[in-house]
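Structure first, then comments.
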Amino acid sequence: MADSADSTGRPSRLRKTLAAALASVASAALTVVAVSAATAPANAADCSGGYVGLTYDDGPNPSNTMNLINTLKANGLRATFFNVGQNAQNYPSLVRAQVDAGMWVGNHSWSHPHLTQMSSSQIQSELQRTQQAIQQATGSAPKLFRPPYGETNWTVQSVEQQLGLREILWDVDSQDWNGASTAQIVQAASRLQNGQIILMHDQYAATVQAIPQIAANLRSRNMCAGMISPTTGRAVAPDDGGPVSPSPTIPQSPGTTPTPGGGSGTIRGVASGRCLDVPNASTSDGTQVQLYDCHGQSNQVWSSTSSGEIRVYGSKCLDAAGSGNGARIQIYSCWGGDNQKWRVESDGTIRGVQSGLCLDAVGAGTGNGTQLQLYSCHGGNNQKWTWNR
Ligand SMILES: [Zn+2]
Numbered sequence: 442m443a444d445s446a447d448s449t450g451r452p453s454r455l456r457k458t459l460a461a462a463l464a465s466v467a468s469a470a471l472t473v474v475a476v477s478a479a480t481a482p483a484n485a486a487d488c489s490g491g492y493v494g495l496t497y498d499d500g501p502n503p504s505n506t507m508n509l510i511n512t513l514k515a516n517g518l519r520a521t522f523f524n525v526g527q528n529a530q531n532y533p534s535l536v537r538a539q540v541d542a543g544m545w546v547g548n549h550s551w552s553h554p555h556l557t558q559m560s561s562s563q564i565q566s567e568l569q570r571t572q573q574a575i576q577q578a579t580g581s582a583p584k585l586f587r588p589p590y591g592e593t594n595w596t597v598q599s600v601e602q603q604l605g606l607r608e609i610l611w612d613v614d615s616q617d618w619n620g621a622s623t624a625q626i627v628q629a630a631s632r633l634q635n636g637q638i639i640l641m642h643d644q645y646a647a648t649v650q651a652i653p654q655i656a657a658n659l660r661s662r663n664m665c666a667g668m669i670s671p672t673t674g675r676a677v678a679p680d681d682g683g684p685v686s687p688s689p690t691i692p693q694s695p696g697t698t699p700t701p702g703g704g705s706g707t708i709r710g711v712a713s714g715r716c717l718d719v720p721n722a723s724t725s726d727g728t729q730v731q732l733y734d735c736h737g738q739s740n741q742v743w744s745s746t747s748s749g750e751i752r753v754y755g756s757k758c759l760d761a762a763g764s765g766n767g768a769r770i771q772i773y774s775c776w777g778g779d780n781q782k783w784r785v786e787s788d789g790t791i792r793g794v795q796s797g798l799c800l801d802a803v804g805a806g807t808g809n810g811t812q813l814q815l816y817s818c819h820g821g822n823n824q825k826w827t828w829n830r
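Following our numbering, the numbering of the sequence shown begins with 442 at its first residue and continues without gaps.
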């Protein structure tokens with residue numbers, strides 16, 4: 442296995458979405474701007490450029506898989522997970538989570554050996570045990586098989602055939618196993634053509650961090666993430682409706698038309714491209730909010746309410762710890778005060794109702810860990826936000 446790097450699993454909490462549908466009367470003060478280059482109507486991703494197959498090998502593992510799944514979902518992408526059988530046996534709930542999230546599951550051998558150095562019966566055991574472990578976890582056995590290291594020969598292929606497995610290699614290697622940076626992984630994915638497949642792994646932080654940009658690149662080319670056909674071995678349109686509902690990154694209405702509040706999603710800084718984030722998924726009152734790479738987990742999912750609150754975890758509010766320039770922005774249990782109420786303006790600013798000041802990235806910072814404050818509204822991009830629901 443080409444693994445060594447550990448990944449940054451962030452704790453995940455159940456996301457509570459607000460049931461409240463906003464009365465249109467109340468929405469005027471709460472409008473959010475969906476600024477995006479995408480002009481496709483809601484719920485109708487434009488796939489006229491074709492389909493690509495995103496694949497993640499070597500999982501599942503408890504430190505990365507949920508983060509990977511959640512990030513894919515938050516970006517409206519589906520992918521194929523080539524699981525190692527012994528991992529599937531150890532973490533069957535993670536295999537179920539893959540399927541529940543609308544992902545596809547393939548076989549990547551039991552112990553990730555060099556199959557071309559093994560006998561036919563050893564190969565048979567590697568593949569068969571994995572079929573059984575995945576079947577036990579999900580109720581159905583895979584139809585796709587990826588040989589470890591892409592190493593295959595006639596013996597491997599005859600075992601695949603006996604088990605009804607289609608061998609799937611790749612067209613583009615992201616090199617994530619070789620230390621590729623997020624930018625390099627995004628660049629690799631941008632080379633994918635219709636029907637092609639990219640190799641990635643379920644264990645690297647850089648791989649997860651590449652997902653929002655991969656999604657944006659595919660959208661810009663009118664391409665979609667598809668399934669891998671067991672018949673042709675190529676990426677094609679999913680053959681089901683798909684449990685992944687419309688991408689929260691696709692605006693609910695085109696262009697800069699303000700949309701009513703309600704619903705939930707990430708709040709992304711225009712200058713930084715990073716998301717409003719509660720560090721370490723803390724739920725403690727007084728935890729200072731920061732900018733962080735968007736991953737769409739519950740500590741980055743915010744909901745606007747009809748009273749002007751911006752909530753996270755259902756019951757914690759975006760809260761100004763003061764009303765002057767430099768007042769820090771924290772989460773605090775919602776109590777109805779005006780320092781917890783915000784107006785989302787059509788110019789992309791988020792203004793405190795009590796202070797009239799703007800939500801502002803300190804020092805116009807754009808990096809991970811940049812803190813937020815109130816500051817006089819000046820129209821800079823460090824005070825502009827897009828709400829990706
Ligand atoms: Zn592998």
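Note that the Cβ used here is the ideal one computed from N, Cα and C, for glycine as well.
These numbers were taken from a predicted model, which means no experiment stands behind them.
Checklist entry - How about isoleucine 555: is its Cβ closer than 7 Å to a heavy atom in ligand 1? => result Here the sequence assigns histidine to residue 555, which means isoleucine is not the residue at that position. False, no ligand heavy atom lies under 7 Å from that Cβ.
Next on the checklist: Quick check on this structure: which residue in Gln530, Pro588, Trp545 has the alpha carbon closest to the alpha carbon of isoleucine 564?
Outcome noted: Pro588
Next on the checklist: Tell me which residue opens and which closes the alpha helix (DSSP H) that isoleucine 652 is part of.
Outcome noted: 652-661
Next on the checklist: Three Cβ pairs or more, each shorter than 8 Å: is that satisfied between the region 599-614 and the region 645-654?
Outcome noted: no
Item to check | Cut-off 7 Å between Cβ atoms - residues of its own chain near valine 536, not counting five sequence neighbours on either side | outcome: Pro501, Asn524, Ala529, Val546, Ile575, Ala578, Thr579
Next on the checklist: What ranges does the alpha helix (DSSP H) occupy inside the region 505-549, keeping only unbroken runs of at least 4 residues that lie completely in it?
Outcome noted: 506-515, 526-531, 533-541
Next on the checklist: Starting from glutamine 573, trace the alpha helix (DSSP H) in both directions and tell me its first and last residue.
Outcome noted: 561-579
Checklist entry - Any idea what DSSP makes of alanine 470, helix, strand or coil? => result Unreliable positioning characterises alanine 470 in this predicted model, as indicated by a pLDDT of 42, which lies under 50. A coordinate reading is not provided.
Item to check | arginine 792, buried or exposed, once every other Cβ within 10 Å from all chains shown has been counted against 16 | outcome: buried
Next on the checklist: Please determine whether the Cβ atom of histidine 819 lies at a distance below 7 Å from any heavy atom of ligand 1.
Outcome noted: no
Checklist entry - Taking buried to mean at least 16 other C-beta atoms within 10 Å of its own C-beta, is glutamine 558 buried or exposed? => result exposed
Next on the checklist: Please tell me whether isoleucine 652 and valine 613 are closer than 8 Å, where the distance is taken between their beta carbons.
Outcome noted: no
Next on the checklist: Cutting at 8 Å between CB atoms, please list the residues of its own chain near glutamine 598, excluding the five before and the five after it.
Outcome noted: Around glutamine 598: Glu608.
Checklist entry - When you compare each of Asp760, Thr521, Thr571 to serine 726 by their alpha carbons, which one comes out closest? => result Note on identity: in this sequence residue 726 is aspartate, with serine being the wrong assignment. A check of alpha carbon separations from aspartate 726 across Asp760, Thr521, Thr571 identifies Asp760 as the nearest.
Next on the checklist: Which residue wins for smallest C-alpha separation from tyrosine 754, given the options Val742, Pro503, Ser764?
Outcome noted: Val742
Next on the checklist: Give me the DSSP bridge partner(s) of tryptophan 828.
Outcome noted: Ile708
Item to check | Neighbourhood of serine 774 by C-beta, 8 Å cutoff - its chain only, sequence neighbours within 5 removed | outcome: Asp726, Ser756, Lys757, Cys758
Next on the checklist: Taking the straight line between their C-alpha atoms, what separation do you get for asparagine 809 and asparagine 663?
Outcome noted: 30 Å
Checklist entry - Where do the N-terminal and C-terminal ends of the beta strand (DSSP E) with tryptophan 743 fall, by residue? => result 743-745
Item to check | Segment contact flag, the region 723-737 with the region 487-505, C-beta cutoff 8 Å, min 3 pairs | outcome: no
Next on the checklist: Beta-carbon within less than 6 Å of asparagine 511's beta-carbon, same chain only, minus the 5 sequence neighbours each way: which residues are those?
Outcome noted: Gly737, Gln738
Next on the checklist: Is any non-hydrogen atom of ligand 3 found closer than 7 Å to the C-beta of proline 589, if you look at the structure I gave you?
Outcome noted: Ligand 3 is not part of the structure shown, which contains ligand 1 as its ligands.
Checklist entry - Can you tell which of Ala538, Ser560, Pro720, Arg830 has the C-alpha that lies nearest to the C-alpha of serine 745? => result Arg830
Checklist entry - So, do the region 817-830 and the region 770-784 have three or more beta carbon pairs nearer to each other than 8 Å? => result Touching, no.
Checklist entry - If we cut at 8 Å on Cβ distances, does arginine 537 have a partner in chain D? => result Protein chains in the displayed structure number just one, and chain D is not present.
Checklist entry - What's the gap between the Cα of glycine 804 and the Cα of glutamine 814? => result 10 Å
Next on the checklist: In whole angstroms, give me the CA-to-CA distance for histidine 642 and histidine 549.
Outcome noted: 12 Å
Checklist entry - Quick one: complete beta strand (DSSP E) runs, 3+ long, within the region 735-777? => result 743-745, 751-753, 757-761, 770-774
Next on the checklist: Quick check: is any heavy atom of ligand 1 less than 7 Å from the C-beta of histidine 412?
Outcome noted: In the structure as shown, the chain starts at 442 and stops at 830, and residue 412 therefore has no counterpart that could be examined.
Checklist entry - From Gln616, Gly620, Asn635, Thr496, pick the residue whose C-alpha is nearest to that of alanine 629; which is it? => result With distances taken between Cα atoms, alanine 629 lies closest to Gln616.
Checklist entry - In whole angstroms, what separates the C-alpha of arginine 675 from that of isoleucine 669? => result 5 Å
Next on the checklist: Am I right that arginine 769 and alanine 762 are in contact with their C-beta atoms under 8 Å? What's the rounded C-beta distance?
Outcome noted: 5 Å
Item to check | First and last residue of the uninterrupted alpha helix (DSSP H) at isoleucine 639 | outcome: It is not in any alpha helix (DSSP H) - isoleucine 639 instead sits in the beta strand (DSSP E) that spans 638-642.
Checklist entry - Start and end of the alpha helix (DSSP H) containing isoleucine 626? => result 623-630
Item to check | Buried versus exposed call for arginine 632 [16 or more other C-beta atoms within 10 Å across all chains shown] | outcome: exposed
Checklist entry - From this set, Leu585, Leu798, Arg709, Ala657, which residue's C-alpha is nearest glycine 767's C-alpha? => result Leu798
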